[in-house]
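I have placed the structure first, in the form of structure tokens, so that the comments after it can refer back to it.
Chains as they are written, first to last, in our numbering: chain A, 4 to 242; chain B, 2 to 443.
Structure below.
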């Protein structure tokens, strides 16, 4: 994606203001006073519910930041201040966490997302051109408020090349799907109905001819390729 | 060559995630057996005797790992590693989406063996749909009394929480997973102390992969001998192989370990597209050193893959066919590890970045054959020098690619240099030539 010299590839571009001087005289940000920070009631309730699940409230940091991101669209300074106030931790601690994880946005890059997997198996299926087609189409159609980025392996190599649209896995994709994906997102429709892993009856469109017979046995001590499995080992098959 | 249906049994039923259906098909009976008929030590010893090896990559004996936890009254934890992020792996996704209760039951039985009272399923944030299914299934299990205080009127209590990550490959490393679960950046920890002694919140912790835990109820239900009857002496039980890349039918195939790699790639997944041949393959996810077509007839087991210089890992076979150039693949692989390196250890943080830069130079024609030596040396300096194996996971496959296909890398370097030279010559116009002649020798 955004190539910035050495930082090319999948690295995030440096956030604006990273090279501005820091006020070394300022006091470090402290744990916010809960009375001073206004937190949307639903967000507060959600974070409190999360904290109650763990023996140590700090464990709720990741899901709490995720919840705040859902409300604010990204982990903005204000969002982190609100989480910090409810969790009673410093904003710096949350900032250290938020900058580590790929799904937490530290910039306002869009409330919705399209992650196009371009990792090894998808790379072999030319996922890069799918990504280029989707981002090109988004530019052409003027799609806004959507973070479109290459993403590392999404764990759906059987559907390669694929993408996650707000958590909905769709695939296998081709460049021709790009206009439909973008216009569906623009119009608020479901993206590629029937082609998501979550859809009932979803099946991969591979030719059935190679499909082997399934052996419905619970005591398979004989290898179907002939002989017992252990025999085959002793023969040192193929060595 | 064929599939078996053990872990994937009944998965054709869309209503299997409902607890009523799962119970009807015999679900939660193994838990009853483990709680009522067996002592915790017996549960533990059955897991040990079954020979079940961890399905998350390292292949360590699950029962042995559980036995390392200290005995006695203290806060002990179970963690299920569902942060499946290895390129090529997608088996846990299937298990959690189609049969979440088997995993939950496995966690509860493991907690009996380890005498733990609190458990977490750490699922990667990208698996939003699967996490929702697990959340619903956990709520059902609480409702029926399989989770919570005094399970089925026994003395054992166990609580389970589904914890969603936020996208970081490194959180699949067990100590990084613990840090992420404690709400920190997912940096691996120095070992020892191992998680079995000091893990989550400094308490003894048993960490297992989804597929490993899914095997647990079956071992309790059908017995150690049944489990050992599948696979080979050292690789027992069923295993889900995820096949992807250049094959006609990518997907999850449940097999007995010990069938040949050819059976997996050609028999089950249909082999490469018409007219193509297997050039190389990763037998266990992108972190496993590649093997070539010469290794196709090896048995697909932990030991045979290790003997051939690779590893079974997660049994995620990525097939590369003969039309794929290796340099872009190596570059893509290295970029993945550069992106996912947590940055804590220098050899990994810098080594992954250097490798990417060197591969970019090779691709752009700025490299000489000597760069291959330097690159191989960088890989050697990563392996074994970091807190975790993320750097090694890049170094080993890249090293193996150079080892098996050095000729192709050298050819890529030569061709890219020739291309550059031709382009330079073309840009050097006749006018430039006249000017150069006039200027005389430099």
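C-beta: ideal position from N, C-alpha, C; glycine also.
If you draw a straight line from the C-alpha of residue 229 of chain A to the C-alpha of residue 3 of chain B, how long is it? The pLDDT assigned to residue 229 of chain A is 35, lower than 50, so where the model puts this residue is not dependable; a value taken from the coordinates is nonetheless given after this. When rounded, the distance between both Cα atoms is 12 Å.
Which residues mark the beginning and the end of the beta strand (DSSP E) in which residue 319 of chain B is found? 317–322
In chain order, each alpha helix (DSSP H) run of at least 4 residues that lies wholly inside the stretch 311–361 of chain B: 327–341
Does the distance from the CB of residue 127 of chain B to the CB of residue 207 of chain A come in under 7 Å? no
So, with DSSP's three-state summary, where would you put residue 132 of chain A? helix
Please compile the residues from chain A whose C-beta is within a distance smaller than 9 Å of the C-beta of residue 367 of chain B. Those within 9 Å of residue 367 of chain B in chain A number zero; the least Cβ separation is about 15 Å.
For residue 301 of chain B, decide whether its Cβ has a neighbour in chain A, counting only Cβ atoms nearer than 7 Å. no
Residue 55 of chain B and residue 63 of chain B: beta carbons closer than 7 Å? yes
Can you tell me whether residue 156 of chain B is buried or exposed? The criterion is at least 16 other CB atoms within 10 Å of its CB, across all chains shown. exposed
Simplified DSSP assignment, three categories, for residue 202 of chain B: helix
Provide the residue span of the beta strand (DSSP E) that contains residue 100 of chain B, from first to last. It is not in any beta strand (DSSP E) - residue 100 of chain B carries neither H nor E in the DSSP assignment.
Alpha carbon to alpha carbon, what distance is there between residue 17 of chain A and residue 6 of chain A? At residue 6 of chain A the pLDDT is 42, less than 50, meaning the model places this residue with poor confidence; the figure from the coordinates comes in the next sentence. So the alpha carbons of these two residues sit roughly 11 Å apart.
Whole-number beta carbon distance between residue 47 of chain B and residue 291 of chain B, since they are thought to touch under 8 Å: Residue 291 of chain B to residue 47 of chain B, Cβ: 37 Å. No contact.
Compare the C-beta of residue 219 of chain A against all C-beta atoms of chain B and say whether one is closer than 7 Å. With a pLDDT of 41 at residue 219 of chain A, under the threshold of 50, the predicted position of this residue should be treated as unreliable, though the coordinate-derived value follows. So, interface residue.
Is residue 99 of chain A close to chain B? Criterion is C-beta to C-beta, closer than 7 Å. yes
Report yes or no: do three or more beta-carbon pairs, one from the stretch 194–213 of chain B and one from the stretch 104–123 of chain A, lie closer than 8 Å? no
For residue 144 of chain B, would you say it is in contact with chain A, using Cβ-to-Cβ distances shorter than 7 Å as the test? no
In three-state terms, what does DSSP make of residue 4 of chain B? strand
Taking the alpha carbon of residue 200 of chain B as the reference point, which residue from B/212, B/183, B/210 and B/213 has its own alpha carbon closest? B/183
For residue 255 of chain B, tell me which candidate among B/351, B/441, B/175 and B/93 has the shortest Cα-Cα distance. B/93
Backbone secondary structure at residue 155 of chain A - three-state DSSP: coil
At a CB-CB cut-off below 7 Å, which residues of chain B make contact with residue 2 of chain A? What is shown of chain A runs 4 to 242, which leaves residue 2 of chain A out entirely.
In this structure, does DSSP put residue 261 of chain B in helix, strand or coil? strand
From B/129, B/111, B/372 and B/135, residue whose alpha carbon lies closest to that of residue 102 of chain B: B/135
Given a cut-off of 7 Å on the beta-carbon distance, is the pair residue 67 of chain B and residue 105 of chain B in contact? no
Kindly indicate the opening and closing residues of the beta strand (DSSP E) around residue 221 of chain B. Segment 211–223 is the alpha helix (DSSP H) holding residue 221 of chain B; no beta strand (DSSP E) there.
Uninterrupted alpha helix (DSSP H) stretches inside the stretch 69–142 of chain A (no shorter than 4 residues): 80–90, 94–101 and 123–127
Return the residue from the list B/317, B/293, B/131 and B/320 that minimises the CA-CA distance to residue 309 of chain B. B/293
Please name the residues in the stretch 110–125 of chain A whose beta-carbon is closer than 8 Å to at least one beta-carbon of chain B, in chain order. 118, 121, 122, 123 and 124
Buried or exposed by the 16-neighbour rule on C-beta atoms within 10 Å, applied to residue 278 of chain B: exposed
If you count every other CB in all the chains shown that lies within 10 Å of the CB of residue 85 of chain B, and 16 or more means buried, which is it? buried
From this set, B/87, B/99, B/81 and B/265, which residue's C-alpha is nearest residue 117 of chain B's C-alpha? B/81
Go ahead and pull the three-state DSSP assignment for residue 167 of chain A. strand
For residue 62 of chain A, decide whether its Cβ has a neighbour in chain B, counting only Cβ atoms nearer than 7 Å. yes
Please list, in chain order, the chain A residues whose beta carbon lies closer than 8 Å to that of residue 198 of chain B. Neighbours of residue 198 of chain B on chain A: none; closest Cβ ~18 Å, over 8 Å.
By how many angstroms is the C-alpha of residue 71 of chain A removed from the C-alpha of residue 397 of chain B? 40 Å
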